[in-house]
Amino acid sequence: RRLVVLVSGSGTNLQALLDAIDEVGAEAYGAEIVAVGADRGGIEGLARAERAGLPTFVVRVKDYTTREEWDAALAEAVAAHEPDLVVSAGFMKIVGKEFLARFGGRFVNTHPALLPSFPGTHGVRDALAYGAKVTGCTVHFVDDGVDTGPIIAQGVVEVRDEDDESALHERIKEVERRLLVDVVGRIARNGYRIEGRKVVIQ
Ligand code: GRF
28 RRLVVLVSGS GTNLQALLDA IDEVGAEAYG AEIVAVGADR GGIEGLARAE
78 RAGLPTFVVR VKDYTTREEW DAALAEAVAA HEPDLVVSAG FMKIVGKEFL
128 ARFGGRFVNT HPALLPSFPG THGVRDALAY GAKVTGCTVH FVDDGVDTGP
178 IIAQGVVEVR DEDDESALHE RIKEVERRLL VDVVGRIARN GYRIEGRKVV
228 IQ
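If you're matching positions, the sequence shown starts at 28 in full-length UniProt numbering and goes up one per residue.
What follows is the structure in structure tokens.
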């Protein structure tokens, strides 16, 4: 299976996928990353891809007159690599109709909270501010909402009294990286079934 990964920041989830595939080999894992894309340049996530010798692309919102044109350009850039599965690993933009028309059903996202709680850009901060005792991370299919697509897997992380946002986010990311590597591999190897909102992966 061919994976395209989209990032916007440090790319540690991308790195976890790269390391896992390196460790067991693309054959055994069931997938190889064929390209990495971002919505901005100069980020560590792209540097990680370049160090791994992968093709990269950047599609910036500000380079397009409308959001729809950006969305279509992003879809084109991804399609050029003929992915079987697209993974948003800390990609911080909401994709539109064109992108979903082409990749819906094979576009997964990882979110650092237990959806449907605390969707959006500040899931970690919001859980902390709310006083949640447990939070975690969710890997889900992307649909036309924000963090509302069918849930594939979740991991629980306890919130500690002394936590601030970055400490809690780091602890969530430890679980998140393992969850993403596990889920992407299983979908790549065995596919998935979906009944309503219920996703079943072998
Ligand atoms: C991840 O926790 C992801 O869920 C959130 O931003 C973080 C990205 O981390 N959207 P990284 O870029 O993979 O290190």
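We put the beta carbon where it would ideally sit given N, CA and C, even for glycine.
- [ ] Any chance you could list the alpha helix (DSSP H) runs of at least 4 consecutive residues sitting entirely within the stretch 30–70, in chain order?
- [x] 39–51 and 53–56
Exercise for review: Answer yes or no: do Pro-110 and Val-31 have a C-beta to C-beta separation smaller than 9 angstroms?
Suggested key: For the purposes of this step, residue 110 is taken as the residue at position 83 of the sequence shown. For the purposes of this step, residue 31 is taken as the residue at position 4 of the sequence shown. Yes, the pair counts as a contact, with Cβ atoms nearer than the cut-off.
Measuring only the C-alpha atoms, how far is Lys-89 from Leu-81?
The residue given as residue 89 occupies position 62 in the sequence shown. The residue given as residue 81 occupies position 54 in the sequence shown. If you take the alpha carbons of Lys-89 and Leu-81, they lie about 25 angstroms apart.
Distance, Arg-204 Cα to Ala-99 Cα: As a position in the sequence shown, residue 99 is number 72, starting the count at 1. As a position in the sequence shown, residue 204 is number 177, starting the count at 1. The straight-line gap from Cα to Cα measures roughly 29 angstroms.
Quiz prompt | Closer than 8 angstroms: Gly-80 CB and nearest the ligand GRF heavy atom | solution = In the sequence shown, the residue the question calls residue 80 occupies position 53. False, no ligand heavy atom lies under 8 angstroms from that Cβ.
Proximity to Thr-39 [Cα-Cα], best of Leu-207, Glu-222, Lys-225 and Gln-229: Your numbering for residue 39 matches position 12 in the sequence shown. Closest option to Thr-39, Cα to Cα, is Leu-207.
Requested in this report: Please state if the CB of Arg-75 and the CB of Val-86 are separated by a distance shorter than 9 angstroms.
Outcome: Residue mapping note: residue 86 aligns to position 59 of the sequence shown, counting from 1. Residue mapping note: residue 75 aligns to position 48 of the sequence shown, counting from 1. No; because the gap between Cβ atoms is not below 9 angstroms, this pair is not in contact.
Check: Does the beta carbon of Glu-77 fall short of 8 angstroms from some heavy atom of the ligand GRF?
Finding: By 1-based counting over the sequence shown, the position of residue 77 is 50. False, no ligand heavy atom lies under 8 angstroms from that Cβ.
DSSP three-state assignment for Ile-214, whether helix, strand or coil:
Position 187 of the sequence shown, counted from the start, is the residue given in the question as residue 214. It is helical.
Exposed or buried, what is Gln-229 when buried is set at 16 or more other beta-carbons lying within 10 Å of its beta-carbon? Here residue 229 refers to the residue found at position 202 of the sequence shown. Gln-229 comes out exposed.
**Prompt:** Which same chain residues, not among the five before or five after Ile-70, have their C-beta less than 8 angstroms away from its C-beta?
**Reply:** Looking up residue 70 in the sequence shown gives position 43. Same-chain partners within the cutoff: Val-34, Ser-35, Gly-36, Ser-37 and Gly-38.
Note down the Cα distance separating Thr-93 from Arg-67, rounded to an integer number of angstroms. Here residue 93 corresponds to residue number 66 of the sequence shown, with the count starting at 1. Here residue 67 corresponds to residue number 40 of the sequence shown, with the count starting at 1. Cα-Cα distance, rounded: 17 angstroms.
Segments of 4+ residues assigned as alpha helix (DSSP H) that fall wholly inside the stretch 86–129 = 94–106
| request: Give the C-beta separation of Pro-139 and Gly-150 to the nearest angstrom, bearing in mind that I take them to be a contact with Cβ-Cβ under 8 angstroms. | output: Along the sequence shown, read from residue 1 onward, the residue named residue 139 stands at position 112. Along the sequence shown, read from residue 1 onward, the residue named residue 150 stands at position 123. Going by Cβ atoms, the distance from Pro-139 to Gly-150 rounds to 5 angstroms, so yes, they are a contact pair.
| Hey, would you say Phe-126 sits closer than 9 angstroms to Phe-134, going by beta carbons? | Here residue 126 refers to the residue found at position 99 when the sequence shown is read from its first residue. Here residue 134 refers to the residue found at position 107 when the sequence shown is read from its first residue. Their beta carbons are under 9 angstroms apart, which means Phe-126 touches Phe-134 by this criterion.
**OP:** Go ahead and pull the three-state DSSP assignment for Ala-180.
**Re:** Taking the sequence shown and counting its residues from 1, one reaches residue 180 at position 153. DSSP places Ala-180 in strand when its eight states are reduced to three.
Distance CB(Lys-120)-CB(Asp-171) smaller than 9 angstroms: Along the sequence shown, one-based indexing puts residue 120 at 93. Along the sequence shown, one-based indexing puts residue 171 at 144. No, these two residues do not count as a Cβ contact at 9 angstroms.
- Under three-state DSSP, which class holds Phe-186? Here the question's residue 186 lines up with position 159 in the sequence shown. Here residue 186 turns out to be Val, not Phe, going by the sequence shown. Of the three classes helix, strand and coil, the one that applies to Val-186 here is coil, per DSSP.
#### Entry: DSSP state of His-138 mapped onto helix, strand, coil
Stepping through the sequence shown from its first residue, residue 138 is reached at position 111. In the structure shown, His-138 sits in a strand (DSSP, three-state: E or B).
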